[in-house]
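One structure is given below, encoded as structure tokens.
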Amino acid sequence: MLKSCSAGCLSMIGAFLVAVGFSQISDGGSFALLLFFLSSAGVPLWLAWSLQRSAMVDMRRQQELRREWQERQILRIAAAHDGRVTPSLVAMHSGDIGLEEARRILQQLAVDGYCTCDSDSQGTLYYEFDLGGEARPRERLSAEEWVESMSQRRMTGHRGEQTQYVDE
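Positions in the sequence shown are counted from 1; adding 503 to them yields my numbering.
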């Protein structure tokens, strides 16, 4: 869209130059003609720029919302499996998180200190979330209850023993 607006503006400037070159307009008239052509060219450029900018902001916000939704899905799956998940488990139990995307998100959560990464005796990598010291045994907590309880509590990471809060 920006290319077509730019092409239109260049066409208008060319038309102005042709009109000024072949006409007998006084200096004041040519300035008024130039002002008219430039103002009519500037409006489409400004509109194209503002539309592109708002589309970029909307796209970033949609990406943030999708990332938050994916993290909540992973937390629900972790709560249903005693806090331990693998990328394949996340891909199987979530509707639209692929295997590679699950691995990438879990790695980022581990780097941020929200879970730990370890391997079992067969060498399979897994990610473990701290379920916290709930009064109820974790086998009886539903996934929604666990996610809600974790949003009310603090989670500690492994980055220099910093306390990180979920709802910030």
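Backbone N, C-alpha and C fix where the C-beta goes; we use that ideal spot for every residue, glycine too.
Just so we're clear, the structure is a prediction, and the values are computed from it rather than from any experiment.
Using DSSP with H/G/I as helix, E/B as strand and the rest coil, what is L602?
By 1-based counting over the sequence shown, the position of residue 602 is 99. Judged by DSSP in its simplified three-state form, L602 adopts helix.
May I have the straight-line CA-CA distance separating Q611 from D561, to the nearest angstrom?
Translated into positions along the sequence shown, residue 611 becomes position 108. Translated into positions along the sequence shown, residue 561 becomes position 58. Straight-line Cα distance between these residues: approximately 24 Å.
Please determine, among M559, P590, V546, the residue with the shortest C-alpha to C-alpha distance to A605.
The residue given as residue 605 occupies position 102 in the sequence shown. Ranking the options by Cα distance to A605, first place goes to P590.
Spatial distance of Q576 from G635 (CA atoms)
Stepping through the sequence shown from its first residue, residue 576 is reached at position 73. Stepping through the sequence shown from its first residue, residue 635 is reached at position 132. G635 has its alpha-carbon roughly 18 Å from the corresponding atom of Q576.
Which whole-angstrom value describes the C-beta separation of I580 and S597, a residue pair presumed to lie in contact below a C-beta threshold of 8 Å?
Reading the sequence shown from its first residue, position 77 is the one you call residue 580. Reading the sequence shown from its first residue, position 94 is the one you call residue 597. The distance from the Cβ of I580 to that of S597 is about 7 Å, consistent with a contact at the 8 Å cut-off.
Helix or strand or just coil, what does DSSP make of S557?
Your numbering for residue 557 matches position 54 in the sequence shown. Here S557 sits in helix by DSSP.
Name the two residues that bound the continuous alpha helix (DSSP H) containing L628.
Here residue 628 refers to the residue found at position 125 of the sequence shown. Counted as a single uninterrupted DSSP element, the stretch harbouring L628 is not any alpha helix (DSSP H) but the beta strand (DSSP E) occupying residues 628 to 631.
Return the Cβ separation of C618 and F632 in integer angstroms, given the expectation that the two are a contact with Cβ distance under 8 Å.
Sequence index remark: in the sequence shown, residue 618 carries index 115 (1-based). Sequence index remark: in the sequence shown, residue 632 carries index 129 (1-based). Yes, C618 and F632 are in contact; Cβ-Cβ is about 5 Å, under 8 Å.
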